[in-house]
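J.:
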Amino acid sequence: MANITINEKKAWAGGDKPFIASYGKLMMWFFLVSDALTFSGFLAAYGFMRFKYSHLWPVAEDVFTHFPFLHGDHPLLFVALMTFILIMSSVTMVLAVNAGNKNNKKGVILWMALTIIGGFTFLGSQVWEWGHFIHGDKGGIELPNHEIVHVVDENAHFYSLYDLVGVDSYDSHVHITIDDVKGALSERSDLALRLADKTVVSNEAAMAYLQNAEVVLGANLVRNEYGHQLFANFFYFITGFHGFHVFSGVVILIVIFINVIKGTYERRGHYEMVEKAGLYWHFVDLVWVFVFTFFYLV
Amino acid sequence: MSEQTGTWWIWKVFWILLIVTAIEVILGIIKPSVLIDNSLLGTSLLNVVFIVLTIIKAAYIVMEFMHLGHEVKGLKWTILLPAVVLIPYLLFILLHEGNYIFGTL
Numbered sequence: 001m002a003n004i005t006i007n008e009k010k011a012w013a014g015g016d017k018p019f020i021a022s023y024g025k026l027m028m029w030f031f032l033v034s035d036a037l038t039f040s041g042f043l044a045a046y047g048f049m050r051f052k053y054s055h056l057w058p059v060a061e062d063v064f065t066h067f068p069f070l071h072g073d074h075p076l077l078f079v080a081l082m083t084f085i086l087i088m089s090s091v092t093m094v095l096a097v098n099a100g101n102k103n104n105k106k107g108v109i110l111w112m113a114l115t116i117i118g119g120f121t122f123l124g125s126q127v128w129e130w131g132h133f134i135h136g137d138k139g140g141i142e143l144p145n146h147e148i149v150h151v152v153d154e155n156a157h158f159y160s161l162y163d164l165v166g167v168d169s170y171d172s173h174v175h176i177t178i179d180d181v182k183g184a185l186s187e188r189s190d191l192a193l194r195l196a197d198k199t200v201v202s203n204e205a206a207m208a209y210l211q212n213a214e215v216v217l218g219a220n221l222v223r224n225e226y227g228h229q230l231f232a233n234f235f236y237f238i239t240g241f242h243g244f245h246v247f248s249g250v251v252i253l254i255v256i257f258i259n260v261i262k263g264t265y266e267r268r269g270h271y272e273m274v275e276k277a278g279l280y281w282h283f284v285d286l287v288w289v290f291v292f293t294f295f296y297l298v
Numbered sequence: 299m300s301e302q303t304g305t306w307w308i309w310k311v312f313w314i315l316l317i318v319t320a321i322e323v324i325l326g327i328i329k330p331s332v333l334i335d336n337s338l339l340g341t342s343l344l345n346v347v348f349i350v351l352t353i354i355k356a357a358y359i360v361m362e363f364m365h366l367g368h369e370v371k372g373l374k375w376t377i378l379l380p381a382v383v384l385i386p387y388l389l390f391i392l393l394h395e396g397n398y399i400f401g402t403l
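Below you can see the structure in the form of structure tokens.
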């Protein structure tokens, strides 16, 4: 009994550190918990819409198929590379924290520099991915009921409207009308039309669907050639929000990197600031692991 | 808080994350029909595999890279409990409701 009373008095007097973690590190953790719940809210909303429109939702492999400097379809390859870049930069970040624990300034500088390079590489990859997504790939057709349908070949793979009409997709003046598509499609009996619910209708039956339809090239917040509009909106919002986290993470890392070079933490006697930035950086990697799964795999 | 010595454990976690990601990508490309045609918990077995692998990756990042596995028990559960309780709860409600709307729309 006596012991407990003494302990209680001591505890109420303050100064105890039950978590054996500094104030700054603890607050970083609490921030990350709230941020994790924010991202879960976004991903859960994405899941809600996906379940609600499950029959109309685009298939990720039809959307993310390209790899820089490679021709043809390579689904998942580019996003796998992005994942690798982010995991790699997480590893260099742990190595920086590890060097900091040993007060090894040169090690911290080396590993932090590599982490920053990794962060910029990831951001660059995301710019490429967004650029490609905005420009569009093979083009879609919007029916009067706002469902997006696609021209497909005999294997039910998307067939490019640009190839169908015979224009260059990177010509900025290119404009394809629905009459161009209808005309070209009627001469290609090997091609068919895939509806938004993924059923394929034959070439002859397709013409009835294309009455009063419109050609959609590219994706933005109002039109989306890949399929349901919400797919594009959630893609921009969630990968954009994550990308902004990566960007702010890179900025934080650069600020701390400069302080490391100036010797601020060497004078302070510990590199805990590197550890706190590291927590944030790993969190960004953690979120990407989930974005990768729910946008590209599932 | 046990201090890990050396850097070998960092590379161990790196290889685990890399291999799990590689498995995910390979499964995503070949899409084995066994996993697509069988379903579990309302989705295809393949999706369940993806989610389990994702949680394994997340656990390694949080427990090893973010060092949470080596913090004191109180801190560990303060961080983990809100996430492990609230996120599945939110997901259950929203996905269940989305599925219901799909069914009645």
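Chains as they are written, first to last, in the working numbering: chain C, 1 to 298; chain Z, 299 to 403. Every residue gets a Cβ at the ideal spot worked out from N, C-alpha and C, and that includes glycine.
1. Give me the residue from 116/C, 50/C and 157/C with the minimum Cα distance to residue 278/C.
2. In three-state terms, what does DSSP make of residue 155/C?
3. Would you say residue 105/C reaches chain Z, if we count a Cβ-Cβ gap shorter than 8 Å as a contact?
4. State yes or no: is the C-beta of residue 260/C within less than 8 Å of the C-beta of residue 108/C?
5. Comparing the C-beta of residue 289/C with each C-beta of chain Z, is any distance below 8 Å?
6. Can you list, in chain order, the residues of its chain with a C-beta nearer than 6 Å to that of residue 165/C? Leave out the 5 residues immediately preceding and following it.
7. Is it true that the region 67-84 of chain C meets the region 267-274 of chain C, where meeting means three or more beta-carbon pairs spaced less than 8 Å apart?
8. Classify residue 224/C as helix, strand or coil using the three-state DSSP reduction.
9. At the 8 Å Cβ level, is residue 182/C part of the contact set with chain Z, yes or no?
10. Tell me which residues of the region 306-320 of chain Z have at least one Cβ-Cβ distance to chain C shorter than 7 Å, keeping chain order.
11. Tell me the rounded alpha-carbon separation between residue 318/Z and residue 351/Z.
12. Using a Cβ-Cβ cutoff of less than 8 Å, which residues in the same chain neighbour residue 357/Z once the five nearest sequence positions on both sides are dropped?
13. Quick check: is the beta carbon of residue 350/Z nearer than 8 Å to any beta carbon in chain C?
14. Mind checking if residue 388/Z is an interface residue toward chain C, Cβ cutoff 8 Å exclusive?
15. With distances taken Cα to Cα, identify the nearest neighbour of residue 137/C among 37/C, 200/C, 169/C and 122/C.
16. Just the Cα atoms here: how many angstroms apart are residue 263/C and residue 130/C?
17. Taking only three categories from DSSP, how would you classify residue 142/C?
18. Quick one: Cα of residue 81/C to Cα of residue 378/Z, how far?
19. Given residue 75/C, which residues of its chain have a CB within under 7 Å of its CB, disregarding the five upstream and five downstream residues?
20. Pull up the distance between the alpha-carbon of residue 95/C and that of residue 314/Z, whole angstroms please.
21. Whole beta strand (DSSP E) runs in the region 16-82 of chain C with 3 or more residues, listed along the chain?
22. Just the C-alpha distance for residue 44/C and residue 346/Z, rounded to the nearest angstrom, thanks.
23. Quick check: residue 149/C and residue 140/C, are their CB atoms within less than 8 Å of each other?
24. Assuming residue 392/Z contacts residue 37/C under a Cβ cut-off of 8 Å, what Cβ separation, rounded to an integer in Å, is found between them?
25. Going by beta-carbon coordinates alone, are residue 231/C and residue 83/C separated by less than 8 Å?
26. Since residue 98/C meets chain Z, which of its residues come closer than 8 Å, beta carbon to beta carbon?
27. Would residue 49/C count as contacting chain Z if we go by Cβ distances under 8 Å?
28. Going straight from the alpha carbon of residue 381/Z to that of residue 394/Z, what length do you get?
29. Flag residue 41/C as yes if its beta-carbon sits less than 8 Å from any beta-carbon of chain Z, otherwise no.
30. Assuming residue 213/C and residue 203/C form a contact by the criterion Cβ under 8 Å, report the distance between their Cβ atoms to the nearest whole angstrom.
31. At a cut-off of 7 Å, would you count residue 208/C as near the ligand ZN, judging by its Cβ distance to the nearest heavy atom?
32. If I follow the unbroken beta strand (DSSP E) through residue 216/C, where does it start and stop?
33. Which whole-angstrom value describes the C-beta separation of residue 253/C and residue 281/C, a residue pair presumed to lie in contact below a C-beta threshold of 8 Å?
34. Alpha carbon to alpha carbon, how far is residue 334/Z from residue 194/C?
35. Distance, Cα to Cα, residue 341/Z vs residue 397/Z?
36. Is residue 86/C near residue 285/C, with beta carbons less than 8 Å apart?
T.: Judging by the given coordinates:
1. 116/C
2. coil
3. no
4. yes
5. yes
6. Sequence-distant Cβ neighbours of residue 165/C in its own chain, meaning closer than 6 Å and more than five residues away, are 176, 180 and 184.
7. no
8. Looking at residue 224/C - three-state DSSP - the assignment turns out to be strand.
9. no
10. Flagged, chain order: 308, 312, 315, 316 and 319.
11. 7 Å
12. Listed in chain order, the non-local C-beta contacts of residue 357/Z below 8 Å within the same chain number zero, local neighbours out to five positions each way being set aside.
13. no
14. yes
15. 169/C
16. Between residue 263/C and residue 130/C, the C-alpha separation is close to 39 Å.
17. strand
18. Approximately 29 Å between the Cα atoms of the pair.
19. 61, 64 and 65
20. 16 Å
21. none
22. If you take the alpha carbons of residue 44/C and residue 346/Z, they lie about 16 Å apart.
23. yes
24. Not confirmed; about 13 Å, so no contact.
25. no
26. 305 and 308
27. yes
28. 19 Å
29. yes
30. Their Cβ separation, rounded to whole angstroms, is 15 Å, which puts residue 213/C and residue 203/C out of contact at 8 Å.
31. As presented, the structure is devoid of all ligands, the ligand ZN included, so that no description of it is given.
32. 214-216
33. 7 Å
34. Each residue's CA atom was taken as its position, placing residue 334/Z and residue 194/C some 21 Å apart.
35. 12 Å
36. yes
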